[in-house]
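Everything on this sheet refers to the single structure shown next.
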Amino acid sequence: MTSTVSPTIAAYGAWPSTISAARVAAGATPLSSLMLGGSDGSDIFWLAGRAAEAGRNTLLRYHGATTEELTPAPFNVRSRVHEYGGGAYAVDGEMVYFSHFKDNCVYRMAAGEAPIAVTQAGKQRFADFVVDRARNRLIGVRELHGDDGHAQPTNTLCAIDIATGAETVLAEGADFYSSPRLSPDGRALAWLSWDHPRMPWQGTTLWLAGVNADGTLAAPVRIAGGEEESICQPEWSPDNLLHFVSDRSGWWNLYRLCADRQRIEGLCPMEAEFASPHWTFGNSMYGFRSASEIICTYIDKGVSRLARLLPGSGKLEAIANPYEEIRELRVGPGYIAMLAGGPTIPMELARIDFTEEGVEILAQSIEELPDEANLSIPASISYPSAGGRTSHAFYYPPRNRDVRAPAGSKPPVIVISHGGPTGMTVNTLNLKTQYWTSRGFGVLDVNYGGSTGFGRAYRDLLKGQWGIVDVEDCVAGAQALVERGLADGDRLIIRGGSAGGLTTLCALTFHDVFKAGASYYGVSDLKGLDQDSHKFESHYNEYLIAPKAQADAIYQQRSPINHTDKLSRPMIFFQGLDDKVVPPQQSEMMVDALKKRGIPVEYVPLEGEGHGFRKAENIIRTLEAELNFYQNIFGLNNA
1 MTSTVSPTIA
11 AYGAWPSTIS
21 AARVAAGATP
31 LSSLMLGGSD
41 GSDIFWLAGR
51 AAEAGRNTLL
61 RYHGATTEEL
71 TPAPFNVRSR
81 VHEYGGGAYA
91 VDGEMVYFSH
101 FKDNCVYRMA
111 AGEAPIAVTQ
121 AGKQRFADFV
131 VDRARNRLIG
141 VRELHGDDGH
151 AQPTNTLCAI
161 DIATGAETVL
171 AEGADFYSSP
181 RLSPDGRALA
191 WLSWDHPRMP
201 WQGTTLWLAG
211 VNADGTLAAP
221 VRIAGGEEES
231 ICQPEWSPDN
241 LLHFVSDRSG
251 WWNLYRLCAD
261 RQRIEGLCPM
271 EAEFASPHWT
281 FGNSMYGFRS
291 ASEIICTYID
301 KGVSRLARLL
311 PGSGKLEAIA
321 NPYEEIRELR
331 VGPGYIAMLA
341 GGPTIPMELA
351 RIDFTEEGVE
361 ILAQSIEELP
371 DEANLSIPAS
381 ISYPSAGGRT
391 SHAFYYPPRN
401 RDVRAPAGSK
411 PPVIVISHGG
421 PTGMTVNTLN
431 LKTQYWTSRG
441 FGVLDVNYGG
451 STGFGRAYRD
461 LLKGQWGIVD
471 VEDCVAGAQA
481 LVERGLADGD
491 RLIIRGGSAG
501 GLTTLCALTF
511 HDVFKAGASY
521 YGVSDLKGLD
531 QDSHKFESHY
541 NEYLIAPKAQ
551 ADAIYQQRSP
561 INHTDKLSRP
571 MIFFQGLDDK
581 VVPPQQSEMM
591 VDALKKRGIP
601 VEYVPLEGEG
611 HGFRKAENII
621 RTLEAELNFY
631 QNIFGLNNA
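Quick note: the sequence shown uses full-length UniProt numbering, first residue 1, plus one each step.
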């Protein structure tokens with residue numbers, strides 16, 4: 001609908017907006033962990049985060065054209081293996097097995113019945129289940145924590161007897177395990193493992209073992225992978241051929257183990273990514289329509305594509321769809337189920353039937369969408385950065401149909417440095433971004449060197465360079481917008497969370513481009529991060545910075561906490577007090593240092609929040625506090 005009312009004239013950054021913080025919190029329902037089940041595979045399962053219920057994850061099922069909630073409060077379907085979790089449930093026909101966050105126990109639940117505990121409460125956590133129906137057991141990853149809470153936990157592949165809850169270790173000795181996958185005939189088990197100091201996107205090993213009659217495993221055989229090859233998502237085709245994704249070519253591409261189990265065959269070599277980094281369990285970017293047809297999604301220059309792959313010929317055929325991010329997909333009998341989104345489409349659960357045109361929407365992360373006339377549509381941009389690199393980002397211009405800025409003025413721009421740092425930003429509609437653009441801020445969401453989605457060489461740009469390459473690419477992005485006349489050089493802002501918080505703090509400490517910033521549970525002390533970090537990331541800095549023997553001097557150089565004399569920009573810090581990944585003292589040390597120097601600083605500690613904020617009231621509180629901070633710093637309240 002076209003507005004007939006003349007736009008209000010207001011300064012950039014001070015525009016009135018109908019996208020309130022409360023609307024952001026109420027409207028954003030995280031969707032994750034897609035699974036298929038039911039007697040004929042036609043049921044679709046997924047998790048939805050409930051911000052109004054302290055971020056509880058509940059399990060939903062689409063069955064017979066209706067959606068039902070299977071896990072009422074207080075059940076919270078969530079795992080904390082590796083702290084980031086994922087892979088918190090499995091489906092076998094009408095039966096569901098899931099990890100409950102509060103007690104870390106595994107429960108089973110038949111349709112329409114109350115959950116029943118399978119395991120006993122203890123120090124163990126479970127994730128990434130596969131059902132071994134023939135032996136009445138689950139196979140998954142177990143993380144066993146010690147009594148003192150200080151020693152690193154022990155990770156194994158473990159079988160859980162569904163009738164008794166008895167736990168049997170199937171594979172041990174590696175620092176980490178993931179992705180146990182049982183062959184359709186039940187005779188073989190594949191899985192991944194890796195050891196410190198590597199992270200799974202650096203080097204993993206794919207193993208294969210026969211399953212003995214008593215359920216134990218025969219001697220495992222290494223199939224692929226190693227210290228410099230990252231293997232992802234092993235899966236079995238219906239005819240018992242093991243498939244997987246490897247970056248041995250420099251790109252995460254699809255491969256399969258041939259029937260003789262002696263040869264590995266590349267299925268569709270191309271400069272695109274058929275996988276994403278293993279931060280959480282249960283990622284799924286391909287599945288089988290039949291033994292001779294794979295349905296897959298791949299990332300091409302930061303944008304997802306959907307395709308049909310014929311392994312016999314290597315032919316890849318595009319499947320029409322409206323999405324530019326496909327986060328997960330599963331292939332059912334006659335259909336594809338996806339969690340996907342795009343610039344004007346929030347993350348949603350979509351179903352595509354093989355015999356019909358169009359997309360059926362089963363669930364959306366945002367129930368009430370803003371008027372499309374008020375949505376900022378991002379442009380994918382590339383620009384030169386330090387060292388002759390080309391960096392990539394999504395630029396969102398200010399947009400609000402009802403408001404116009406004074407002629408000749410330029411907007412403040414918020415540069416976002418994503419977390420990870422091994423991760424990527426996408427262009428799916430996000431109300432948090434639109435919260436800013438509808439108020440007259442531009443937003444530059446940067447895929448700096450080290451981001452995924454652009455091949456291993458781009459990902460490895462951050463090797464030994466964390467706090468340098470990422471910062472340079474964010475600085476160069478801001479400068480590129482100023483040069484193109486899209487940003488006010490005197491009102492450049494940088495914000496980031498977790499690893500992106502370190503990027504933010506380094507940019508403000510060691511460069512003069514940004515005038516203010518916001519850190520969400522950001523890293524300020526690299527040595528402290530090493531000392532406080534959980535097992536999964538306890539050696540991550542050896543890749544990002546340097547091996548421990550050489551690290552101290554570099555930690556001293558790059559940690560913002562050691563250079564607060566160089567930081568003279570106003571900042572606001574947000575910190576969950578239950579954060580085990582970046583403990584509160586990281587933020588508190590920075591806040592105290594800035595206060596002592598008289599630099600404008602605000603600190604917002606949040607009870608009951610960890611690494612990332614789940615509660616609706618805290619999403620509201622942080623957004624409103626951040627906006628108010630910028631408006632006060634730049635005098636926008638009086639503009």
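Just so it is clear, CB atoms sit at the ideal spot from N, CA and C, and this is done for glycine as well. Source: prediction; values computed, not measured.
In this structure, how does DSSP classify C474 when only helix, strand and coil are distinguished?
On the sequence shown, position 474 is the one that residue 474 refers to. Note: C474 maps to helix in three-state DSSP.
Using DSSP with H/G/I as helix, E/B as strand and the rest coil, what is N628?
Position 628 of the sequence shown, counting from 1, holds the residue named residue 628. In the three-state DSSP reduction, N628 falls in the helix class (H, G or I).
Suppose contacts are defined by Cβ-Cβ distances below 8 Å. Is G203 in contact with E167 by that definition?
The residue labelled residue 203 in the question sits at position 203 within the sequence shown. The residue labelled residue 167 in the question sits at position 167 within the sequence shown. Contact: no.
Tell me the rounded alpha-carbon separation between R187 and I620.
In the sequence shown, residue 187 corresponds to position 187, counting from 1. In the sequence shown, residue 620 corresponds to position 620, counting from 1. Their backbone Cα atoms lie some 51 Å apart in a straight line.
Please report the Cβ distance between R181 and A190, rounded to the nearest whole angstrom; I am assuming they are in contact, meaning their Cβ atoms lie under 8 Å.
Residue numbering aside, residue 181 sits at position 181 when the sequence shown is read from its first letter. Residue numbering aside, residue 190 sits at position 190 when the sequence shown is read from its first letter. Going by Cβ atoms, the distance from R181 to A190 rounds to 5 Å, so yes, they are a contact pair.
Straight-line CA distance for P7 to G440?
If you number the sequence shown from 1, residue 7 lands on position 7. If you number the sequence shown from 1, residue 440 lands on position 440. Take the alpha-carbon of P7 and the one of G440: they are about 13 Å apart.
Near residue 656, which residues of its chain fall below 6 Å by C-beta distance, leaving aside the five closest residues on each side in sequence?
A query on residue 656 cannot be resolved here, the shown segment of the chain reaching from 1 to 639 and no further.
T297 - partner residues in DSSP beta bridges
Within the sequence shown, the letter at position 297 stands for residue 297. Looking at the DSSP assignment, T297 forms a beta bridge with L306.
P346 classed as buried or exposed, judged by whether at least 16 other C-beta atoms fall within 10 angstroms
On the sequence shown, residue 346 is found 346 positions in, with the first residue counted as 1. Taking all protein chains in view, the Cβ of P346 is crowded by 16 or more other Cβ atoms within 10 Å, so the residue is classified as buried.
In or out: R263 buried (at least 16 other Cβ within 10 Å) or exposed?
Numbered from 1 along the sequence shown, position 263 holds the residue referred to as residue 263. By the 10 Å Cβ count, R263 comes out exposed.
Look at the alpha carbon of P570 and the alpha carbon of T433, and state the distance between them as a whole number of angstroms.
Counting from one through the sequence shown, the residue named residue 570 turns up at place 570. Counting from one through the sequence shown, the residue named residue 433 turns up at place 433. Distance between the alpha carbons of P570 and T433: 21 Å.
For the beta strand (DSSP E) containing E602, list its first residue and its last residue.
Here residue 602 is taken as the residue at index 602 of the sequence shown, counted from 1. That run of the beta strand (DSSP E) goes V601 to L606.
What's the C-alpha gap between M1 and M338?
Mapped onto the sequence shown, residue 1 falls at position 1. Mapped onto the sequence shown, residue 338 falls at position 338. Reliability of the predicted coordinates at M1 is poor, the pLDDT of 45 falling under 50, and the value obtained from them is presented with this limitation in mind. In this structure, the CA atom of M1 is about 31 Å from the CA atom of M338.
For Q575, the residue or residues it bridges with in DSSP
Within the sequence shown, the letter at position 575 stands for residue 575. Residue pairing from DSSP places Q575 in a beta bridge opposite P605.
Return the residue from the list P605, K410 and V601 that minimises the CA-CA distance to Q585.
For the purposes of this step, residue 585 is taken as the residue at position 585 of the sequence shown. Looking only at P605, K410 and V601, the smallest Cα-Cα distance to Q585 is reached by P605.
Identify, in the order they occur along the chain, each residue of the same chain with its Cβ nearer than 7 Å to the Cβ of E368, setting aside the five sequence neighbours on each side.
Locating residue 368 in the sequence shown gives position 368, counting from the first residue. Excluding positions up to five away in sequence, the list reads G27.
Contact under 8 Å by Cβ, W201 with T422
Mapped onto the sequence shown, residue 201 falls at position 201. Mapped onto the sequence shown, residue 422 falls at position 422. Judged by their CB atoms, W201 and T422 are nearer to each other than the 8 Å cut-off.
Given that a residue counts as buried once 16 or more other Cβ atoms are within 10 Å of its Cβ, and exposed if not, what is T355?
Looking up residue 355 in the sequence shown gives position 355. Counting Cβ neighbours within 10 Å, T355 comes out exposed, since fewer than 16 surround it.
Going by DSSP in three states, K596 sits in which element: helix, strand or coil?
Within the sequence shown, numbered from 1, the residue matching residue 596 stands at position 596. If DSSP states are grouped into helix, strand and coil, K596 belongs with the helices.
Quick one: any contact between the region 590-604 and the region 489-498, if contact means 3 or more CB pairs under 8 Å?
Three or more beta-carbon pairs separated by less than 8 Å are not found between the region 590-604 and the region 489-498, which leaves the two stretches without contact.
For Q479, which of helix, strand or coil comes out of DSSP?
Position 479 of the sequence shown, counted from the first residue, corresponds to residue 479. Helix.
N445: buried (16+ other C-beta within 10 angstroms of its C-beta) or exposed?
As a working mapping, residue 445 is identified with position 445 in the sequence shown. According to the sequence shown, residue 445 is Asp rather than Asn. Counting Cβ neighbours within 10 Å, D445 comes out buried, since at least 16 surround it.
Assumed close pair L138, Y97 - CB separation to whole angstroms, cut-off 8 Å
Numbered from 1 along the sequence shown, position 138 holds the residue referred to as residue 138. Numbered from 1 along the sequence shown, position 97 holds the residue referred to as residue 97. Between L138 and Y97 the beta-carbon gap is near 6 Å, inside 8 Å, which marks them as a contact.
Near M424, what residues of its chain come up, given a Cβ to Cβ distance below 6 Å and the 5 sequence neighbours on each side ignored?
Reading the sequence shown from its first residue, position 424 is the one you call residue 424. Cβ within range, chain order: N447, S451, T452 and G453.
How big is the Cα-Cα spacing for A10 and N637?
Here residue 10 corresponds to residue number 10 of the sequence shown, with the count starting at 1. Here residue 637 corresponds to residue number 637 of the sequence shown, with the count starting at 1. Rounded to the nearest whole angstrom, the CA to CA distance from A10 to N637 is 11 Å.
Which runs of the alpha helix (DSSP H), 4 residues or longer, sit entirely within the region 504-531?
Whole alpha helix (DSSP H) segments, 4+ residues: zero.
Burial state of S39, where buried means 16 or more other Cβ atoms lie within 10 Å:
Looking up residue 39 in the sequence shown gives position 39. Counting Cβ neighbours within 10 Å, S39 comes out exposed, since fewer than 16 surround it.
My understanding is that S284 touches G312, with C-beta atoms under 8 Å, so please give their C-beta distance in whole angstroms.
Residue numbering aside, residue 284 sits at position 284 when the sequence shown is read from its first letter. Residue numbering aside, residue 312 sits at position 312 when the sequence shown is read from its first letter. So it is not a contact: roughly 23 Å between Cβ atoms.
In the DSSP assignment, what are the bridge partners of R495?
If you number the sequence shown from 1, residue 495 lands on position 495. DSSP lists I416 and A518 as the bridge partner or partners of R495.
What residues are listed by DSSP as bridge partners for M35?
Sequence index remark: in the sequence shown, residue 35 carries index 35 (1-based). According to DSSP, M35 bridges with F45.
List the residues that DSSP assigns as beta-bridge partners of W251.
As a working mapping, residue 251 is identified with position 251 in the sequence shown. Answer by DSSP bridge pairing: none, since W251 is not bridged.
What number of angstroms, rounded off, separates the C-alpha of S559 from the C-alpha of D148?
Mapped onto the sequence shown, residue 559 falls at position 559. Mapped onto the sequence shown, residue 148 falls at position 148. Going by the C-alpha atoms only, they are around 30 Å apart.
Member of A134, G112 and A127 whose CA lies at the smallest distance from the CA of V119:
Against the sequence shown, residue 119 aligns to sequence position 119. Reading off the sequence shown, one finds Thr at residue 119, where the question assumed Val. The residue from A134, G112 and A127 with its alpha-carbon nearest to that of T119 is A127.
From the DSSP output, in three-state form, read off A14 for me.
Within the sequence shown, the letter at position 14 stands for residue 14. A14: coil per DSSP, three-state reduction.
Please list, in chain order, all residues of the same chain as R327 whose beta carbon is under 6 Å from its beta carbon, the five residues on each side excluded.
As a first step, residue 327 must be located in the sequence shown, where it is residue number 327. Non-local C-beta neighbours of R327 in its own chain, meaning closer than 6 Å and more than five positions away in sequence, comprise L339, ordered along the chain.
Measuring alpha carbon to alpha carbon, tell me which of N240, F288 and S230 ends up nearest S249.
Indexing the sequence shown from 1 puts residue 249 at position 249. S249 has its Cα closest to that of S230, out of N240, F288 and S230.
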